[in-house]
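There are 4 protein chains.
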Amino acid sequence: MSTSNDSGDAAPRFHTDTFEKMGPARREALLSVALGEFAANGFNGTSINALARKAGVSIGALYSYFPSKEDLFLTVVGMGRSLLAEALADLDPGEPFMDVYASLVRKARDYARANPELNLVYLDATTQGLRHLSSRLSGSLETLTVDFYYRAIAAAVERGELRRGLDVGAAAFCLDNILLLFQFSFASDYFRDRLRLFLGLGEGGALDEEAVMAAIVDFARRALRA
Amino acid sequence: MSTSNDSGDAAPRFHTDTFEKMGPARREALLSVALGEFAANGFNGTSINALARKAGVSIGALYSYFPSKEDLFLTVVGMGRSLLAEALADLDPGEPFMDVYASLVRKARDYARANPELNLVYLDATTQGLRHLSSRLSGSLETLTVDFYYRAIAAAVERGELRRGLDVGAAAFCLDNILLLFQFSFASDYFRDRLRLFLGLGEGGALDEEAVMAAIVDFARRALRA
Amino acid sequence: MSTSNDSGDAAPRFHTDTFEKMGPARREALLSVALGEFAANGFNGTSINALARKAGVSIGALYSYFPSKEDLFLTVVGMGRSLLAEALADLDPGEPFMDVYASLVRKARDYARANPELNLVYLDATTQGLRHLSSRLSGSLETLTVDFYYRAIAAAVERGELRRGLDVGAAAFCLDNILLLFQFSFASDYFRDRLRLFLGLGEGGALDEEAVMAAIVDFARRALRA
Amino acid sequence: MSTSNDSGDAAPRFHTDTFEKMGPARREALLSVALGEFAANGFNGTSINALARKAGVSIGALYSYFPSKEDLFLTVVGMGRSLLAEALADLDPGEPFMDVYASLVRKARDYARANPELNLVYLDATTQGLRHLSSRLSGSLETLTVDFYYRAIAAAVERGELRRGLDVGAAAFCLDNILLLFQFSFASDYFRDRLRLFLGLGEGGALDEEAVMAAIVDFARRALRA
DNA sequence: CATGAATGAGTATTCATTCAT
DNA sequence: AATGAATGAATACTCATTCAT
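Protein chains in written order, with this note's numbering: chain W, 745 to 970; chain D, 745 to 970; chain B, 745 to 970; chain A, 745 to 970.
Next up, the structure:
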């Protein structure tokens with residue numbers, strides 16, 4: 745799996761050649777508007793015509809860039825994967841695992857803060873009503889993450905940091921579940937409220953993010969330590 | 745819990761009086777079809793007219809039961825909450841905590857198996873595009889769960905089962921994150937694939953649910969033990 | 745008038761026998777609500793179901809009183825004719841004509857003030873979209889008025905008050921045109937604005953009704969005097 | 745008048761830019777069908793879908809020309825105002841006033857004959873149920889007319905044609921009331937019957953329009969003469 | 001390549017009327 | 001006689017997509 749990333753499963757492309765010839769500024773503007781619309785209204789709730797108007801792109805042009813609404817959506821969803829890949833690339837899976845997870849938690853928070861809309865689009869794509877869409881993505885969006893967890897955890901077990909006999913898959917699953925919903929808490933109104941409810945915060949109470957992140961990492965450390 | 749449910753937070757009603765006068769068979773049929781449609785297509789992807797036809801109910805009748813599509817959807821979402829409340833009511837928060845969590849994990853699996861559609865509707869309601877809908881629910885759907893975790897964990901800390909100084913809110917958050925996405929894995933195609941990816945299962949591989957549940961409970965036990 | 749009314753053209757009835765057996769209070773309430781709704785929203789803009797609810801009458805009952813929405817509307821329109829007949833009955837066509845017309849103008853004002861809704865319903869019935877409705881009324885709503893004008897003008901010409909050779913029909917037409925639109929000015933927002941525009945009144949200006957009525961009567965007097 | 749039309753009070757526009765780009769033939773056809781439908785059935789009684797079909801325009805196209813049914817209706821009502829403005833522009837308010845009024849009466853008859861539907865739409869717009877529509881028109885539809893009367897009457901009083909001390913507003917109101925309902929008599933079934941009733945014409949009797957117009961002008965002349 | 005006018009099936013919702021109770 | 005649940009055609013309007021210019 746180590747090299748498999750480069751090989752077969754390159755991220756699929758949902759746009760036309762014409763799209764690649766766009767000026768970068770126009771392209772960024774279009775993708776940015778699309779992201780905003782899909783994030784705010786969901787796939788079904790977004791009007792392609794309104795989106796095109798807001799982006800200053802004619803409908804005809806938009807359809808010359810993307811064969812369909814679905815393809816534009818999938819392109820936008822794919823942007824999230826790219827950013828995630830970059831984020832993971834910064835991390836060294838060879839470092840002490842709990843440092844890695846702590847970085848991951850912090851990065852997740854920062855990423856969700858900086859790109860809440862990507863999280864919202866991801867959440868929407870996750871929905872059963874859009875299963876025919878997410879199935880067009882080559883494999884799950886999580887392939888990268890899973891791969892990363894596996895390598896980091898395996899190395900840490902090897903080094904004796906984490907307990908032997910650990911079920912790597914299940915552990916990664918638990919760690920990522922915690923992380924994913926924590927991440928959503930910074931993007932989605934619903935999951936923000938949920939986190940605050942768990943933390944016992946009322947309407948006005950301030951969220952101590954550092955404390956939450958520390959608690960999460962501590963929870964994970966105890967669960968995994970040798 | 746016995747009384748606290750009955751007290752203040754009565755679930756809001758989104759249906760008319762006429763709905764309550766329906767014959768139970770017709771009512772069940774209608775709700776069941778509605779659940780199925782919303783689960784399969786999402787709120788925005790579901791056509792009220794098609795739904796009515798499938799349920800064998802005239803459009804006019806449907807609108808005499810629910811003021812709007814939104815209200816029908818919220819009624820369906822509310823059904824999930826009721827079932828959840830029943831499930832939690834079976835559990836004794838006074839038992840050893842890890843037994844309670846193990847039961848919870850198993851119940852979540854059973855519930856998701858039995859009512860995958862409720863999970864799918866919940867996931868849809870969670871979506872940012874439907875925030876105006878979920879905000880009509882009195883408080884989060886999770887209020888019950890949070891409440892339950894708090895009481896069970898507090899009692900366990902009291903008994904010395906779980907470590908003192910535990911951040912109850914954060915711990916409950918972690919435990920529920922693990923549980924929620926595990927639960928989704930039995931309802932949503934997307935999250936099923938994600939779980940299998942984490943477990944390293946290919947297309948044909950069989951999922952050993954018991955092993956996963958055991959691993960999850962073990963993960964939690966180590967994280968929390970005194 | 746004394747006999748001709750009773751003979752052929754009795755006002756047609758649009759209600760059922762059941763309607764006549766209603767308690768007077770309920771009947772008044774129903775007619776009053778119906779008048780209000782039709783006046784405010786027009787025939788096509790009024791919902792029979794909403795009307796019944798507001799009147800505290802079940803839909804079934806309402807349909808036992810009136811065969812259709814049309815018949816209820818025509819009944820309401822007929823109420824206006826009855827009130828008009830009463831008003832005319834108070835006048836003595838043998839008095840000096842200009843006194844009669846002055847009384848008529850004043851009565852029209854008072855009537856429109858007291859029953860603006862009847863005027864609005866009349867206006868609606870007048871509309872081409874409802875011609876199949878107004879044609880169901882036996883003859884025009886104006887039969888009474890025309891009859892009254894003829895007798896009063898003829899008598900006045902006879903007495904030498906008004907000029908010989910007067911075209912009675914055309915004169916009555918002119919007099920009634922002035923009167924009718926003046927009357928509407930007290931019921932309809934549109935015609936109120938129109939009158940004020942003619943009088944040069946801005947937003948805040950107060951309307952001197954007495955002066956207007958005097959001017960109207962003076963206009964008529966000069967037009968008709970011997 | 746020559747310039748005053750061009751100046752301040754531009755008629756509000758209720759259509760989109762796209763509408764202005766239509767081919768003139770298609771545009772005329774659409775407006776003509778819309779006028780016919782609204783005239784025949786009233787605003788509330790007209791179906792936009794049926795209208796579009798009759799006009800040979802797709803529903804989508806129609807909604808690209810007008811934001812809503814209301815806007816199409818107001819456009820049609822506005823056509824009447826334009827034609828009225830043209831008609832008034834032909835008249836010279838400096839001529840002997842009774843000649844002017846005679847011309848006005850004749851023009852009103854001709855206009856109502858040629859464009860009965862515009863009168864019917866005007867009548868519908870006048871209805872209380874559509875007050876929210878007529879209030880969207882900038883000022884009353886009558887502004888032009890009032891203005892014209894004022895100037896013509898004032899000039900005639902100045903010239904000594906009409907009596908000093910005349911209440912210009914009230915006189916104009918009376919004159920226009922007579923004219924307006926006379927005009928309606930050529931468009932509306934209801935008001936046609938009413939006129940015939942006043943003139944004592946039975947089913948078959950022929951209406952001597954010239955005599956009526958002469959009588960109306962004579963009525964007015966006597967009412968106003970110096 | 002770009003434009004945006006055009007399409008028309010599809011949407012949620014209303015409402016006059018019927019009829020079983 | 002009274003009720004009000006049920007009906008379903010009809011309504012105004014939307015929107016993904018096509019295609020002539």
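Note that the Cβ used here is the ideal one computed from N, Cα and C, for glycine as well. Values in this document were obtained by computation on a predicted structure and should not be read as measured data.
- For L848(D), not one C-beta of chain W is nearer than 7 Å to its own C-beta.
- If only complete runs of 3 or more residues are kept, the region 804–830 of chain B shows no beta strand (DSSP E) anywhere.
- In summary, A896(W) is buried, with 16 or more beta-carbon neighbours lying within 10 Å of its beta-carbon over all protein chains present.
- A contact between stretches requires three or more CB pairs, one per stretch, nearer than 8 Å, and the region 880–890 of chain W meets this requirement with the region 930–950 of chain D.
- The beta carbon of S791(A) sits no closer than 7 Å to any beta carbon of chain B.
- Contact annotation, A831(B) with Y855(B): C-beta distance approximately 6 Å; criterion of less than 8 Å satisfied.
- Every unbroken stretch of the alpha helix (DSSP H) spanning 4 or more residues and falling wholly within the region 829–898 of chain B is given here in chain order: 841–858, 860–870 and 875–878.
- Looking from the CA of N793(A), the closest CA among K813(A), H876(A), Y893(A) and R857(A) belongs to K813(A).
- The shortest CA-to-CA distance from A784(D) to any of D815(D), K851(D) and A869(D) is the one to A869(D).
- Closest in alpha carbon position to G824(A), among V901(A), L945(A) and A755(A), is A755(A).
- According to the DSSP assignment, R940(D) belongs to the alpha helix (DSSP H) that extends over D933 to F942.
- Annotation: Cβ neighbours of Y934(A) in chain B (cutoff 7 Å, chain order): T870, R875 and S878.
- The alpha-carbon separation between L806(B) and P768(A) amounts to approximately 50 Å.
- Taking a contact as a CB-CB distance under 8 Å, the pair V890(B) and A916(B) counts as one, their CB atoms being some 6 Å apart.
- Going by C-alpha positions, R757(A) is about 15 Å away from K765(A).
- For R938(W), the nearest CB of chain D lies under 7 Å from its own CB, placing it at the interface with that chain.
- Using a CB distance cut-off of 7 Å, N859(D) does not count as an interface residue toward chain W.
- Taking 8 Å as the upper bound for CB-CB distance, N788(B) and N921(A) are not in contact here, some 27 Å apart.
- Within a 10 Å sphere around the beta-carbon of I803(B) sit fewer than 16 other beta-carbons, which makes this residue exposed.
- Secondary-structure assignment with DSSP links L775(D) through no beta bridge to anything.
- Of all alpha-carbon atoms in A970(W), R965(W) and I960(W), the one lying nearest the alpha-carbon of A852(W) is that of I960(W).
- The contact set of G944(A) on chain B, defined by CB atoms closer than 9 Å, consists of V890, Y894, V912 and G913 in chain order.
- Against chain D, a Cβ distance below 9 Å from A794(W) picks out nothing, because the smallest value is about 14 Å.
- Across the structure, M957(B) and D815(D) are spaced so that their CA atoms are roughly 56 Å apart.
- In the structure shown, the three-state DSSP call for R965(B) is helix.
- With at least 16 other beta carbons inside 10 angstroms of its own, T790(A) counts as buried.
- For V956(D), the neighbours in chain W by C-beta distance under 7 Å run, in chain order, A914.
- When C-alpha distances from L945(D) are compared across G822(W), D836(W), A829(W) and G913(W), the shortest belongs to G913(W).
- L906(A) is bridged by DSSP to R969(A).
- Under a criterion of Cβ atoms nearer than 8 Å, no residue of chain A is adjacent to G822(B); the nearest Cβ is some 15 Å distant.
- S932(D) places its beta carbon 7 Å or farther from that of Q927(W).
- One alpha carbon belongs to L906(A), the other to R969(A), and they sit about 5 Å apart.
- Taken atom to atom, the span from the alpha-carbon of D911(W) to that of Y894(D) is near 28 Å.
- When DSSP states are grouped into helix, strand and coil, E947(W) belongs to the coil group.
- About 12 Å separates the Cβ atoms of H759(A) and F817(A), ruling out a contact at the 8 Å cut-off.
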